[in-house]
Amino acid sequence: MSETEKKEEKITTDSEKEQPKETTKKGKGKGKGRRTTKAKGKGKPKKEKKEGEEETKQQKKRVETYSSYIYRVLKQVHPDVGISNKAMIIMNSFVSDCFDRFALEAAELSRLGGKGTITSRDIQGAARLLLPGELARHAVSEGTKAVTRYSNAVK
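Residue numbering for the sequence shown follows the UniProt record's numbering, starting at 1 and increasing by one per position.
See below:
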């Protein structure tokens, strides 16, 4: 193959690689919308489905947060005050840490008592052990109120 034939072949293959772009208009109705260009055939190739294999969608993993509850309490205490995302992340971490500590302490108390079930009494004991003085008393009284309210609602 001569030099010129190689160049001609190279030119045709380069032009074949370029794919036509289609223009799409986003939005509804009249007016000036943003125009975007999409190249045909780009993106991830779809996996071929084998026989007997069902199509399953991959679900997004849920993350447990207390953000909505923290925000509600903030608005009850200070209705005119907001909270930044960083502060919310810190508060979320704090609440998760507290719950973990209460759960571990209550589990230990339950195990020492020879039971396999954590009761409200174990949670109360964990609160007394983990929280200092006046804070422990308030936590115990609020917890007792919550359990009473729940018991009356179930009946």
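A virtual CB, placed ideally from N, CA and C, is assigned to each residue, including glycine.
| query | result |
| --- | --- |
| Do three or more CB pairs link the stretch 55-70 to the stretch 85-95 at distances below 8 Å? | yes |
| Straight-line CA distance for Asn-85 to Tyr-150? | 33 Å |
| Any chance you could list the alpha helix (DSSP H) runs of at least 4 consecutive residues sitting entirely within the UniProt domain "Core Histone H2A/H2B/H3" (47-129), in chain order? | 67-77, 85-112 |
| Do the stretch 97-104 and the stretch 76-84 make contact, defined as three or more Cβ pairs closer than 8 Å? | no |
| Between Ser-110 and Asp-97, is the Cβ-Cβ spacing less than 7 Å? | no |
| Given Val-147, which residues of its chain have a CB within under 6 Å of its CB, disregarding the five upstream and five downstream residues? | Ser-120 |
| Do Ala-126 and Ala-139 have their CB atoms nearer than 7 Å? | no |
| Between the C-alpha atoms of Ser-15 and Gln-58, what's the straight-line distance to the nearest angstrom? | Note that Ser-15 scores a pLDDT of 48, beneath 50, so its modelled location is shaky and nothing firm can be said. |
| Where Leu-74 and Met-88 are concerned, what is the direct C-alpha to C-alpha distance, given to the nearest angstrom? | 11 Å |
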